[in-house]
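In the working numbering, the protein residues as written are 362 to 531.
I have placed the structure first, in the form of structure tokens, so that the comments after it can refer back to it.
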Amino acid sequence: MTLRRSSFIFLPAVLATLLAGCGFHLRKEADLPTSMQRMHIEIADPSSQLAKDLAKALPRSGAQVVDTVEAGTAVMKISANRFSTDVLSVGGTARANEYSLRYHVEFEVQDAAGTAIVPAQTVELSREFTFDASQALGVAAETDLLTKELQRDMVQTILRRLEALAHTGQ
């Protein structure tokens with residue numbers, strides 16, 4: 362009986378040690394450089410979901426989002442922010458069976474004087490889904506879910522790209 366109890370205690374300890382030794386880490390927030398600690402977001406539609414999500418995510422990464430550009434403020438210029446849907450395959454009845462939902466964003470970061478901190482970048486994310494005419498309501502809900510997922514992933518991708526490019530000195 363004592364041997365069984367000790368094996369129940371020993372097994373979780375071994376599993377925890379193996380998990381810690383494999384290099385697994387929870388992803389932390391992006392670590393932005395000091396040149397991006399004060400950030401102004403310049404986008405054609407300031408009420409877009411991307412602008413709102415970036416305004417929420419930047420403070421979690423240590424940046425302060427400001428409304429005006431002054432000395433010491435980085436400016437994130439988002440020149441493109443669009444979704445598109447492409448047909449991937451067509452069935453025998455000439456109706457689309459599969460679609461690809463694409464999210465395209467172009468941005469750059471400049472200092473207050475207009476010098477590029479992060480050169481112009483293009484990020485394009487996509488998700489594929491199938492269309493079933495008998496599940497039309499489900500397809501609309503799936504499209505909404507994929508759109509929200511792409512928006513969330515886009516913000517994280519932009520922050521990771523800012524972190525990587527700024528720390529490599531490009």
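Idealized CB from N, CA, C, for every residue including glycine.
With contacts defined as CB atoms closer than 9 Å, residue 411 and residue 523 fail to qualify as a contacting pair.
Around the beta carbon of residue 519, a 10 Å sphere encloses 16 or more other beta carbons of the protein chains shown; the residue is thus reported as buried.
In terms of CA proximity to residue 481, 469 leads the group 469, 490 and 487. The alpha-carbon separation between residue 463 and residue 373 amounts to approximately 43 Å. Counting C-beta pairs closer than 8 Å gives fewer than three between the segment 444-462 and the segment 418-430, which falls short of the contact rule. According to the DSSP assignment, residue 411 belongs to the alpha helix (DSSP H) that extends over 410-421. Distances from the CA of residue 409 to each of 397, 436, 443 and 395 were compared; the closest alpha carbon is that of 443.
Its chain contains 421 and 422 as the residues whose beta carbon lies nearer than 6 Å to that of residue 390, once the 5 sequence neighbours on both sides are disregarded; these appear in chain order.
If you look at residue 447, you'll find it in the beta strand (DSSP E) that goes 435-451.
Minimum Cα-Cα distance from residue 434 among the listed residues 448, 509 and 395 corresponds to 395. Restricting attention to 467, 448, 508 and 398, the CA atom closest to the CA of residue 418 is found in 398. Between residue 485 and residue 466, the C-beta gap is smaller than 9 Å, which places the two residues in contact. Of the residues assessed, residue 506 falls on the exposed side of the cut-off, its CB having fewer than 16 other CB atoms within 10 angstroms. C-alpha of residue 501 to C-alpha of residue 413: approximately 23 Å in a straight line.
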